[in-house]
Amino acid sequence: MRFSKIVGIVAITVMASACSWFGSEKETPDIPEEQLYSEAIQALEQDEYSNAVKKLELLEARYPFGRYSEQAQLELIYAYHKNYEPAAASAAADRFIRLHPSHENIDYAYYLKGLTAFEQDRTFLERYLPIDITQRDPGAALNSFESFSILLNRYPDSQYAPDARKRMIFLKNRLAQHEINVARFYMKRGAFVAAANRGRYVVENLKETPSVPEALIVMYQSYTELGMNRLAAKSKEVLATNYPDIPVKTYRQEHKTLLETATFGLLGSEEEVIEVEDVHTLPSANERPWYHRATFGIFE
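First residue of the sequence shown? That's 1 in full-length UniProt numbering, and the numbers climb one at a time after it.
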């Protein structure tokens with residue numbers, strides 16, 4: 001029995017030391033905090049963002065309470081942003097704001113969070129092709145607008161406030177145009193209540209955007225189709241008073257001809273424009289001929 005125990009102990013000892021004999025995973029040598037931070041900053045300056053992320057993550061893991069920990073967390077947000085990791089950048093910004101609400105550079109964290117969301121849905125093609133980004137989901141734009149808004153409200157004298165303010169104007173215009181696009185979608189399908197609500201949202205909440213005239217047109221047309229004459233007259237009055245030179249386009253311009261569909265909108269597009277007074281004379285969506293509905297609007 002004693003012999004078997006000795007054999008067992010020897011076997012365990014041999015197995016435990018086998019890793020050192022045949023080679024095991026090498027541990028990363030300890031790097032002083034100051035050196036690790038310096039290397040991370042150097043990587044950022046040389047646009048080596050992936051390397052900077054690795055070093056900053058290692059710094060935060062090994063020296064969570066070191067002298068460079070707070071600054072490393074802030075630099076990590078920027079590194080994530082430049083390395084095209086928007087989710088990680090946003091999470092790092094939220095973490096920094098939660099852990100250091102009174103930090104002297106917390107305005108920078110809000111700015112980076114807004115900037116990351118601002119550029120999140122800008123794909124490679126959208127940077128070089130005339131793609132209408134207002135047709136896309138506005139989730140990232142809303143997040144960016146919120147972050148910039150907090151920055152301006154809490155830190156109006158921040159050095160990042162002027163740029164944030166300019167970006168908010170762009171985002172506000174984009175969000176307003178998105179609402180108009182959705183309203184047009186509803187108009188084409190005869191959902192006039194939903195269309196009117198979208199138009200009213202733009203008029204009430206996005207007043208200083210170029211989409212306000214289109215929103216008033218949508219409201220006038222929708223209320224007219226719904227038989228809500230008082231609201232239609234009010235929308236018409238506001239439109240005529242503030243934008244007297246803008247013609248009203250009927251939503252029926254959205255229905256494309258066969259030639260326009262075949263040529264992707266290059267040929268056969270005849271946009272119909274009508275005066276405000278003539279909107280109520282248009283037939284409703286339910287009065288269109290049967291072949292128009294059967295062909296989904298291809299044949300007028």
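Note that CB positions come from ideal geometry on N, CA and C, so glycine has one too. Here the structure is a predicted model, which means the values were calculated and not measured.
> If you scan the region 189-230 from start to end, which runs of the alpha helix (DSSP H) of 4 or more residues do you find wholly inside it?
Replying inline: 192-205, 212-226
> Which whole-angstrom value describes the C-beta separation of Y223 and V248, a residue pair presumed to lie in contact below a C-beta threshold of 8 Å?
Replying inline: Y223 to V248, Cβ: 13 Å. No contact.
> CA-CA distance, S284 and F118?
Replying inline: The predicted position of S284 is uncertain, since its pLDDT is 41 and thus under 50; a value taken from the coordinates is nonetheless stated next. It is roughly 40 Å from the alpha-carbon of S284 to the alpha-carbon of F118.
> L226: which of F192, V212, A215 sits nearest, CA to CA?
Replying inline: F192
> Closest by CA to A140, which one among Y63, P86, K234, F185?
Replying inline: Minimum Cα distance to A140 is reached at P86.
> Contact between the region 160-173 and the region 205-214: three or more CB pairs below 8 Å?
Replying inline: yes
>> Considering only the alpha carbon of each residue, which of A88, F96, H103, K188 lies closest to T116?
In response: Among A88, F96, H103, K188, the Cα nearest to that of T116 belongs to A88.
> To which residues of the same chain is S149 closer than 8 Å at the C-beta, ignoring the five residues directly before and after it?
Replying inline: M168
>> If I measure Cβ to Cβ from F22 and keep anything under 7 Å in the same chain, skipping five residues before and after, which residues do I get?
In response: Its pLDDT being 47, under 50, F22 is placed unreliably by the model, and the measurement read from it follows with that caveat. Result list for F22: empty, nothing under 7 Å.
> Beta carbon of L59, beta carbon of A79: below 7 Å?
Replying inline: Taking 7 Å as the Cβ cut-off, L59 and A79 do not qualify as a contacting pair.
> Would Y61 be called buried (16 or more neighbouring beta carbons within 10 Å of its own) or exposed?
Replying inline: Position check: residue 61 holds Ala in this sequence, whereas Tyr was assumed. With fewer than 16 Cβ atoms within 10 Å of its Cβ, A61 is classed as exposed.
> Considering G139, what are the terminal residues of the alpha helix (DSSP H) in which it resides?
Replying inline: 139-154
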